[in-house]
Structure formats: structure tokens, C-alpha cells
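In this note's numbering, the protein residues as written are 430 to 1060. Beta carbons: idealized from backbone N, C-alpha and C, even for Gly. Here's the structure we're looking at; comments come further down.
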Ligand code: AGP
């Protein structure tokens, strides 16, 4: 396996390919719409009709491309490919939008990733007289493919043959999809360290960056491995080889959600729908993992009991919201298993040479399973012989595929860029991993585990209760829409919840926000509080360990004394906070370690409402992509 070297950039582009009997123009455009959530700044498509390739492309959102297509429709076709581009090499302009054509117009290519040796390859093409029409690295692949195609022996899979020849010369991370005017029944794609899935319908075949691209047509999918080339042909179906032409049997799987799951279903935003789906997502993630007596059965964890007993250190590695899930997991994992746990952002992990060996368990948390920083951390951990367990939502994605063991969350598709149900189900999965380890290592009595399992089973209802009371939070959100800064305070597991609340607000509402450990406030941050500064405080249960509850109540008084407008999240029955709360948000009583599952929900709703009131695109915030496949 060849991993891209440190510092590699890639693109988070969306890719769609289709060969079948339907109108490819419609299928490809619809696929691109479903991939919009990935984040992009230009779009394009190509079809093969009457022995010629025709393309249309435009900078900006899909609506711009649709206008181009309305003015100058592509010819009717049953084979096509489409692309949404998130620019890295070359600005987000019409000419840099994909697809890119070879100089003779015979081959069209779309690409996700970075071809790192493109400068040398471009110089070589230019030396041969090729004139480049864009500033992208992608275009070299189109020219090289046309040349390799011309040199390939005549036969059935000439385009696939040419793709293998080209891929052997490319360095970096890439998914490429190509079509040739001379092969109107075939699309060929290649994959290295960038996502690509194949969909198999009834006499029709699809390619997608993820299954959302084709879920409206089929749930049957094929997983592609590293350094593989796939040919989809109207008659021959799906053929997979490695870059040297060796035959490969792809893994088949059925996507366990349907097209309706990827629709807004009457909500204004995907994010609102996904927030509302959280009780079900938690229940689905618990389903099948808990035995009748509360015993845990995690059959996807393919590590032997002995290997699990040998673990003497755990690292949790993730990015963004998933990292916050890891921070919360540390409290539960250490408390239940007594194994030391370190939590680290994936982008830092491998660069500081962490101490890892066979008895280290590295838990990689990723909703998408494609986050490049997390993937690189995983590969580093495996190189150091550590065991890797992935907690992931996207079936068949790269991170679970490369891990020793996997625990899937069953949140269903998460379309909004801001993670909500992904986060809560990651927490639930972390709790399951902690209890599982405690069980296998004999750290807890059966009845203790059964009691925590019973608490876990109550979580869907508790989250539903929180959701039922969100009207006042929405009203509060509307009143905060003009705030310049909002601070979030928490202690113990409430501290990562504060970090997550601040992240949600930043990414959705573009308001400066920071999360603090409430106890740290007096060591500096309290200086920023002035008259009217909104401060959200996540209050631990009065039943929590030590006197942390009382200390947080004191922190609320401290910030209020300095003019803060206090927004307090506290459990039912906690009367101590009442005198100091300008706004009080009640959550159901929940055991301390599990409390983040309920206390996070009002923060999601708050950020969503503030962003919507400010007139922002809640589902696709500026500058962000859903799955960050760049390092
Ligand atoms: C969440 O709201 C963010 N958009 C982002 O931080 C995200 O959680 C992070 O990029 C990790 O993504 P992953 O879970 O797909 O790996």
C-alpha cells in the first residue's frame, strides 16, 4: 500500500459516473445534487453520444451549471460522468472545473485528490507539444490517458488498460474516472487513498464518491481497495484489477439506508432533520449489541479476548467533533477500564512520534471514514504495530477497511456539514467499547455493567425529551443572532461538551466562540467577559463526583458578577442554579458519564437557530466540506 507522503493535499470533490439505460444527464445531475453536501465551488459533467464526448462546466453552485445546461443542453446519452470540485490546484473557475479533456477531445477525466508529480508530468506533455487548457493537476491525467489509450493493444478493456498504465506513473492520492469517445459503453475509474464506491443496479452501474450519489437507484454496492482500477461496462458489468492488471474480487455490501434517509423530509435543513433523528440513531447504534441480560456482544470487534486483555494504553485519535467525542470517551474509558487513555487530534498524532506498540489500542473515530488526517494517523499506528479499532458511520469507507476492528455507528446518512447525530452515536459507540473492555478484562461485575446498559437504553427517550422542549432554545437563539462572541463553560465531561458547543456555533453562525474548562476561567479567560457577553454553562449533576457541581455554580456567579448574560444547562431538580441563570435550559437527569448525550442537544439547536436567523446556509457553511480528505 502506498500512502501519500506528509503534507499531501487532496480535494474533497464529489464524483458520479453512470452506465445504463436511463438518461445519463438526469442521473448524473441528480447524483451531483446528492453530493453537494461535500462542499464544492464548481461543477461539470460529460456524456458520450454519437461517438463524441460533450462537456458542460461552470464555476459556482450547481444552479450555475444547470443554467448552462438549459441554454446548451448536452446530447441525450446513457453514459456520463459528473463532478463537484473543491479547488486546490488552480482557482475555482470555469476552465479549472472538471471534466478535463485530452488535447484531441477523445478522453474525459474527473478527479478527486492531488497528483503530486503533476509538474513533471505536465512538463513532459508540454515537451510533446500538448497545450494545457487549465491550471489543474488533473489535466495531465487526461493527456496521459489519451496517449496510453493510443498505445494500448486493441481489445475489450483498452481504456482500463490505459488507466492502469497511467496510474502506475502517478504519485499522490487520487480517485480518477475516465470515459473515452471510442468506448460508449464503458467507464473506468481508479482509486488510491481517495474515496470511490461502485453501485450495481439492474443492467446499470454507478460510480460515486459515496453511496449518496446512487442510493436513489440501488443499494447494492462494491467496495474498492487501495490501488485498484474498476471498469463498469454495459455488458460485462463490474471488473476490478490492481494497477498491474491482476484480477481482484471486490467486496459486496448492501447499503442499510434508502434514498428517503438522504432527503430533507419536510425539514428546512438537513441539520434539523438529523438533530430530530438522534433518538432513533442512538437506539439503532445500541441495537443488537446488548444481550437480554445486559451483556455486551460486539461481534464486529475482531480482536481476541487475549489481545484485548493485553492492552495497556489507549489513544483516541480523531478530528473536530469526533475529537470531542474522544475527549468525552476518555472519562468513561478510564473510569470503567482503568486503562490510561490519551486523546489527540489526528493531524498532530503522527508528527510527534507517539509511543505505540502491540499492546496499544488506537481508537480512530470518524463519521465519514474518509478524513485524511485520521486515516494517516491510523496508518502510522499500524506501522508501529498498534491495534486499531475504528468507530465509523460510513460502511465500506477507508478507515474501517484499514482497521483491525470496527464498531459501526448506525446514524444513517449525515448530510449537513455540521455533525450532530454522528456525534451522539459516536459517544454511544465509545461507551460500548468501554463497557466491552471492562467486561472482557473483568473490571466490572455483571450487575454493574447491566446497570450502565440500562442507563444507555434510556438515552433515546432522554434525548427525545430534550428535543420536545426546544422552543425556548430557538427563541433564545433568535435573541443571540447579533452576538459578537459567545463563551461556553463546562467541567469534567461538560468541558468537551463546551468545546463542541463552541465549534457548532463557529462553523454554522461564523460567530467567535470558545469553550473553556470552567475551572480555568479565573486563570485568564475571565478577562474577556464584559457587560452582556453571553456565557453558556453546562452544569454537572448535583450527584456528580466530588463537589464539581458546587464549583460550577460558583463559576456562574463569577461570570455574572462581571456582567455576563448566563445561559445555564442544568438537570431537572437542580435548584441551586436558578438564582444565577438568565436563561435556564432543563435536561433530564442522566448519569454523569452519559450526560453529554443530552447536554449537547440544546447546543446543536442553539447554533442552528442562530445561523438560520443570520440568514446563513445551515447545511453548507462557508469554507467547509463534509468529509475533509485533505491533510
Ligand atoms: C463537525 O461538525 C465538523 N464539520 C468536523 O469537525 C468533523 O467532525 C471532522 O471533520 C471529522 O469528520 P469525520 O468524523 O468524518 O472524520
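Here's the rule: buried if 16 or more other CB atoms are within 10 angstroms of the residue's CB, otherwise exposed. What is residue 579? Position 150 of the chain shown, counted from the first residue, corresponds to residue 579. The residue is exposed, with fewer than 16 neighbouring Cβ atoms inside 10 Å.
Is the beta carbon of residue 1014 closer than 7 Å to that of residue 998? If you number the chain shown from 1, residue 998 lands on position 569. If you number the chain shown from 1, residue 1014 lands on position 585. Yes, these two residues count as a Cβ contact at 7 Å.
DSSP has residue 994 in a bridge; who is on the other side? Residue numbering aside, residue 994 sits at position 565 when the chain shown is read from its first letter. Paired residues: 963.
Is the region 479–489 touching the region 525–532 in the sense that three or more CB pairs, one from each, lie closer than 8 Å? The answer is yes - the region 479–489 touches the region 525–532, with three or more Cβ pairs under 8 Å.
Considering residue 649, what are the terminal residues of the beta strand (DSSP E) in which it resides? The residue you call residue 649 lines up with position 220 of the chain shown. Here the beta strand (DSSP E) through residue 649 covers 649–652.
Suppose contacts are defined by Cβ-Cβ distances below 7 Å. Is residue 754 in contact with residue 794 by that definition? Your numbering for residue 754 matches position 325 in the chain shown. Your numbering for residue 794 matches position 365 in the chain shown. Cβ atoms of residue 754 and residue 794: closer than 7 Å.
Counting along the chain, where does the beta strand (DSSP E) carrying residue 798 start and finish? The residue given as residue 798 occupies position 369 in the chain shown. Counting along the chain, no beta strand (DSSP E) covers residue 798, and no H or E run does either.
Could you check whether residue 740 and residue 818 sit closer than 7 Å to each other, using their CB atoms as the reference points? Locating residue 818 in the chain shown gives position 389, counting from the first residue. Locating residue 740 in the chain shown gives position 311, counting from the first residue. No.
Is it the case that the region 898–907 contacts the region 1029–1042, given that we only count it when at least three CB pairs across the two stretches are under 8 Å? In short, these stretches touch, since the Cβ pair count reaches three.
Less than 7 Å between the C-beta atoms of residue 571 and residue 531, yes or no? Mapped onto the chain shown, residue 571 falls at position 142. Mapped onto the chain shown, residue 531 falls at position 102. A Cβ-Cβ contact shorter than 7 Å links residue 571 with residue 531.
What first and last residue would you give for the beta strand (DSSP E) that runs through residue 462? In the chain shown, counting from the first residue as 1, residue 462 sits at position 33. Not the beta strand (DSSP E): residue 462 falls in the alpha helix (DSSP H), residues 453–464.
Assess contact between the region 505–517 and the region 459–475, defined as three or more Cβ pairs (one per stretch) separated by less than 8 Å. Is contact present? The region 505–517 makes contact with the region 459–475: 3 or more CB pairs, one atom from each, lie closer than 8 Å.
Just to confirm, is the Cβ distance from residue 801 to residue 1058 under 7 Å? Translated into the one-based positions of the chain shown, residue 801 becomes position 372. Translated into the one-based positions of the chain shown, residue 1058 becomes position 629. Yes, Cβ-Cβ distance for residue 801 and residue 1058 is below 7 Å.
Which complete alpha helix (DSSP H) runs does the region 470–512 hold, if anything under 4 residues is left out? Runs of the alpha helix (DSSP H) inside the region 470–512: 491–500.
Hey, quick one: how far does the alpha helix (DSSP H) through residue 863 stretch, first residue to last? Here residue 863 is taken as the residue at index 434 of the chain shown, counted from 1. Segment 850–869, the alpha helix (DSSP H) holding residue 863.
Give every residue of the same chain whose Cβ lies closer than 7 Å to the Cβ of residue 563, excluding the five residues on either side of it in the sequence, and list them in chain order. Translated into the one-based positions of the chain shown, residue 563 becomes position 134. The answer, listed in chain order, is 519, 524, 525, 529.
Look up residue 874 in the DSSP assignment and say whether it is helix, strand or coil. Looking up residue 874 in the chain shown gives position 445. It is coil, neither helix nor strand.
Nonlocal neighbours in the same chain, by C-beta distance under 8 Å from residue 844, ignoring five residues either side: What you label residue 844 is simply residue 415 of the chain shown in a count that begins at 1. Within the same chain, residue 844 has close Cβ partners 466, 641, 691, 699, 703, 1048, 1055.
So is the beta-carbon of residue 1034 under 6 Å away from any non-hydrogen atom of ligand 1? Within the chain shown, numbered from 1, the residue matching residue 1034 stands at position 605. No.
Return the Cβ separation of residue 494 and residue 473 in integer angstroms, given the expectation that the two are a contact with Cβ distance under 8 Å. Within the chain shown, the letter at position 65 stands for residue 494. Within the chain shown, the letter at position 44 stands for residue 473. About 7 Å separates the two Cβ atoms, so the contact holds.
List, from N- to C-terminal side, the beta strand (DSSP E) runs of 3 residues or more that fit wholly inside the region 884–960. DSSP runs (the beta strand (DSSP E)) wholly in the region 884–960: 914–919, 941–946.
Within its chain, find whatever has a CB closer than 6 Å to the CB of residue 889; leave out the 5 residues flanking it on each side and keep chain order. Counted from its first residue, the chain shown places residue 889 at position 460. Cβ-Cβ distances below 6 Å link residue 889 to 708, 711, 712 in the same chain, with the five nearest sequence neighbours on each side left out; the list follows chain order.
Flag this pair as yes or no: are the beta carbons of residue 992 and residue 949 separated by less than 7 Å? One-based indexing of the chain shown puts residue 992 at position 563. One-based indexing of the chain shown puts residue 949 at position 520. Not in contact: residue 992 and residue 949 (Cβ atoms no closer than 7 Å).
What's the gap between the Cα of residue 1050 and the Cα of residue 934? Numbered from 1 along the chain shown, position 621 holds the residue referred to as residue 1050. Numbered from 1 along the chain shown, position 505 holds the residue referred to as residue 934. Each residue's alpha carbon lies about 11 Å from the other.
Given residue 1072, which residues of its chain have a CB within under 8 Å of its CB, disregarding the five upstream and five downstream residues? With the chain running from 430 to 1060 in the structure shown, residue 1072 is simply not present.
Run through the region 645–723 for me and flag every whole alpha helix (DSSP H) of 4 or more residues, listed as ranges in chain order. Counting whole runs of 4 or more residues, the region 645–723 contains the alpha helix (DSSP H) stretches 699–705, 707–715.
Sequence-distant residues of the same chain with beta carbon closer than 8 Å to residue 470, five excluded per side: Within the chain shown, numbered from 1, the residue matching residue 470 stands at position 41. The residues are 488, 489, 514, 515, 516, 521.
Going by DSSP, what residues sit across from residue 443 in a beta bridge? What you label residue 443 is simply residue 14 of the chain shown in a count that begins at 1. The partner list for residue 443 (beta bridge, DSSP) reads 513.
So, at 6 Å on beta carbons, what are the nonlocal neighbours of residue 921 in its own chain, with the 5 sequence-adjacent residues on each side left out? The residue you call residue 921 lines up with position 492 of the chain shown. Counting only Cβ-Cβ distances below 6 Å, and skipping sequence neighbours, we find 969, 977.
I'd like the list of long-range same chain contacts for residue 535, defined as Cβ closer than 8 Å, with 5 residues on each side in sequence excluded. Counting from one through the chain shown, the residue named residue 535 turns up at place 106. Once the five neighbours on either side are set aside, the close Cβ partners of residue 535 are 482, 575, 578, 609, 610, 611.
Extent of the continuous alpha helix (DSSP H) run through residue 727: Against the chain shown, residue 727 aligns to sequence position 298. Counting along the chain, residue 727 falls outside any alpha helix (DSSP H), and DSSP gives it neither H nor E.
For residue 634, is the classification buried or exposed, using 16 other Cβ atoms within 10 angstroms of its Cβ as the cut-off for buried? Taking the chain shown and counting its residues from 1, one reaches residue 634 at position 205. With 16 or more neighbouring CB atoms inside 10 Å of its own CB, residue 634 falls in the buried class.
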